[in-house]
Structures are given as structure tokens and as C-alpha cells.
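Presented below is the structure to which this report refers.
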Amino acid sequence: MKAEITAEKTPMKSFFPTLLLSFVLLAPLGVAAQAKTTPQTKQTVSANAQYVMQNGTVVLRQGNQSTGLTQNIRLANGTKINYKSGIVELPGGKMTTLREGDYVTAKGDIVFATPGSAAAARGEKAPADAQFDRYVEKGAAISPETFDARLTTLNTRLDLMAQKIQLLNQKISLLSVNAQRPTDTAQLDQQIQALEEQLKNIK
11 MKAEITAEKT PMKSFFPTLL LSFVLLAPLG VAAQAKTTPQ TKQTVSANAQ YVMQNGTVVL
71 RQGNQSTGLT QNIRLANGTK INYKSGIVEL PGGKMTTLRE GDYVTAKGDI VFATPGSAAA
131 ARGEKAPADA QFDRYVEKGA AISPETFDAR LTTLNTRLDL MAQKIQLLNQ KISLLSVNAQ
191 RPTDTAQLDQ QIQALEEQLK NIK
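Below is the structure:
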């Protein structure tokens with residue numbers, strides 16, 4: 011009878027240490043899971059925010075407070091800002107580099123700090139007494155019509171270039187096959203020249 015009672019109590023003695031060990035092992039996993047699922051708070055940017063080139067890097071300026079950036083910026087109108095280099099790409103594809111004091115508004119307008127930096131953005135050299143428009147580059151979004159027109163132009167250029175490459179390959183093939191005797195490629199040359207003229211006229 012005593013042996014039976016001892017046999018029943020033995021599992022109970024090992025149960026509590028096992029339960030405690032399981033809790034200790036699982037607790038860090040629960041904390042880690044909570045840490046992974048906790049959403050990161052998104053920084054609020056006001057409509058008057060400015061992305062300023064300061065000491066060789068772009069910072070976010072809101073009022074009198076400046077905050078360092080840790081990633082590149084893409085504004086609502088499509089303007090892209092590289093926070094390390096200060097390179098700004100406008101929606102139309104044009105690129106410029108911010109100089110010290112230059113900044114980009116939340117709307118995508120670039121404001122230049124000096125006549126020199128404004129002239130540099132235009133690819134010019136400014137004289138000492140130069141006057142310049144404060145807003146030199148407008149980061150306006152491209153309209154759907156303009157985008158479609160540019161896409162059509164690009165596709166046309168690609169198609170013409172593909173035709174030109176095909177004709178050039180035919181010419182090379184003819185010249186290589188008939189390497190020992192003169193080969194008449196005048197017709198191919200005319201077609202290639204016509205394609206080149208079409209490519210020149212596409213803007």
C-alpha cells in the first residue's frame with residue numbers, strides 16, 4: 011500500500027520543475043514575438059517640411075528643429091531625394107544635386123540658397139552680381155497625357171533601334187559569307203540610313 015502511494019506522488023514532484031522550466035524557456039520567445047509584431051511609429055511630416063542639405067547630408071527641417079534621415083525620400087509627387095548624396099530626381103527624370111543650404115519642399119519644389127547653386131542646377135556659371143529666381147525647379151507631377159506621349163516616343167525609338175540592329179546583323183552576315191568577293195550592301199545601307207534619320211527626328 012505504501013509503495014502504491016509513493017508511485018502516485020513521484021510524477022507530481024517532477025511536474026512542477028518541468029512546468030517552471032517550460033515557462034522560463036517560452037517566456038523569451040513570447041517577448042521576441044511581441045517585439046516583432048509591434049508596429050513602428052511613422053514620423054509625421056508637416057506640409058511646411060523642408061529637406062535641407064546641411065553639412066554634406068540631407069536632413070528634415072520642420073520649424074526650428076532638424077532631424078537626421080536614415081533612408082532616401084520619395085515625395086507624393088514622385089520627387090526622389092538621396093539623403094546621403096543630395097541628388098534630387100524630379101518626376102520628369104531631370105536630376106540635380108543640392109548644395110549647402112539648398113532644400114526641397116514637401117511639394118517637391120527645389121529652393122536654392124545662392125545664385126551659384128541655382129546656376130549650377132541649370133548647368134551655367136553665375137557672375138558675382140547674378141540675380142536668380144528663388145524657385146528654379148518645380149517638381150510638378152507629370153500628367154497622364156504627357157506620360158503616355160513620352161512612353162509612345164520611347165517605344166517608337168526602341169522599335170526603330172531594333173530594326174536598325176536587325177539590318178546591321180544582315181549586313182555583317184552578308185559580308186562574312188562573301189568575304190572573298192565584293193558584296194553589294196547598298197540597299198541595306200539605304201535602309202539603315204533612313205532609320206537613322208527617323209531616330210534623329212524623334213525627340
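For reference, each letter of the sequence shown is one residue, going 11 to 213 in my numbering. Just so it is clear, CB atoms sit at the ideal spot from N, CA and C, and this is done for glycine as well.
Span separating the alpha-carbon of residue i from that of residue j
{"i": "Q173", "j": "N165", "result": "12 Å"}
{"i": "R109", "j": "V55", "result": "22 Å"}
{"i": "V114", "j": "L168", "result": "34 Å"}
{"i": "R160", "j": "A86", "result": "21 Å"}
{"i": "G103", "j": "A57", "result": "24 Å"}
{"i": "G118", "j": "N92", "result": "13 Å"}
{"i": "G78", "j": "Q64", "result": "10 Å"}
{"i": "P154", "j": "E207", "result": "29 Å"}
{"i": "E99", "j": "V187", "result": "49 Å"}
{"i": "G73", "j": "D158", "result": "39 Å"}
Beta-carbon spacing of residue i, residue j below 8 Å
{"i": "K90", "j": "T67", "result": "no"}
{"i": "I212", "j": "T163", "result": "yes"}
{"i": "T106", "j": "I83", "result": "no"}
{"i": "A59", "j": "A123", "result": "no"}
Counterpart residues of residue i in DSSP-defined beta bridges
{"i": "L70", "result": "Y61, T77"}
{"i": "R84", "result": "K90"}
{"i": "T163", "result": "Paired residue(s): none; T163 is not in a bridge."}
{"i": "T115", "result": "Q60"}
{"i": "V98", "result": "I91, T106"}
Neighbourhood of residue i by C-beta distance below 6 Å, restricted to the same chain and skipping five residues each side
{"i": "L209", "result": "L170"}
{"i": "V62", "result": "V69, R71, Y113"}
{"i": "S76", "result": "V69"}
{"i": "Q190", "result": "none"}
Where residue i falls, given that 16 or more other Cβ within 10 Å makes a residue buried
{"i": "G111", "result": "exposed"}
{"i": "Q81", "result": "exposed"}
Contacts around residue i, its chain only, beta-carbon distance under 8 Å, and the 5 residues preceding and following it disregarded
{"i": "T195", "result": "K181, L184, L185"}
{"i": "L177", "result": "L198, Q201, I202, L205"}
{"i": "I175", "result": "none"}
{"i": "N179", "result": "none"}
{"i": "M22", "result": "Any answer about M22 is weak, because its pLDDT of 46 lies below 50 and its placement is not dependable; what the coordinates show is given next. Contacts found: none."}
Chain-order list of residues whose beta-carbon lies under 7 Å from that of residue i (same chain, five-residue window excluded)
{"i": "I97", "result": "M105, T107"}
{"i": "T193", "result": "L184, L185"}
{"i": "A43", "result": "Because the pLDDT at A43 is just 40, under 50, the model does not fix this residue reliably, and the point stays unresolved."}
8 Å Cβ cutoff, residue i in contact with chain B
{"i": "Q60", "result": "Judged by its chain identifiers, the structure shown contains no chain B, having just a single protein chain."}
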